[in-house]
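S.K.: Numbering-wise, the working numbering puts 70 at position 55 of the sequence shown, and it's gapless, one number per residue. Yeah, the Cβ is synthetic: ideal placement off N, Cα and C, and Gly gets one too.
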Amino acid sequence: MKSAKNYLEEANASVPRISAEEAIAKYKSGGGTFIDVRDSGDIAKSGTIKGAHRIARGFMEFAADSEMQFHNPVLQKDADLYLVCGAGGQAALAGKTLKDMGYQNVTNIGGIGDWKEAGGDMED
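1) With which residues is R32 paired in a DSSP beta bridge?
2) Helix, strand or coil for I70, going by three-state DSSP, please let me know.
3) So K111 and S29 are supposed to be a Cβ contact under 8 Å. How far apart are they, rounded?
4) Would you list the one or two residues that DSSP bridges to M75?
5) Can you tell which of G103, K131, Q84 and G47 has the C-alpha that lies nearest to the C-alpha of R72?
6) Out of E37, D57 and F85, state which residue places its alpha-carbon closest to the alpha-carbon of G135.
7) On a Cα-Cα basis, can you pick out the residue from D139, M137, E138 and I127 that is closest to I33?
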């Protein structure tokens, strides 16, 4: 039987994580697609990365599957995807799901608080 800790360990092992500073440098260079995987209620409380796409972790499989009517076209298998959440756990788990679905370049950029504290661009 697997625990939440097991799932997180597997996700962290397969999805690289970079610091907020590294993520901001990628953002400023125009490289990649930034996605907030939190639900809309959490995003409403804290704001998110300016221009980030909002795809909740609970909807990721549907949004990522090009055969589904709910496919989100920002999710392309060869795109550089940068995932953010509250503290990094949901981003890791969503990233593992994307990797399992054939997405190659998925990076966990951790929590929105770290992004904000490092001076990253924000929007409500």
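M.R.: Short version:
1) N123
2) coil
3) 5 Å
4) For M75, which the question treats as bridged, DSSP gives no partner whatsoever.
5) Ranked by Cα distance from R72, the options G103, K131, Q84 and G47 are led by G103.
6) E37
7) Comparing Cα positions, the closest option is I127.
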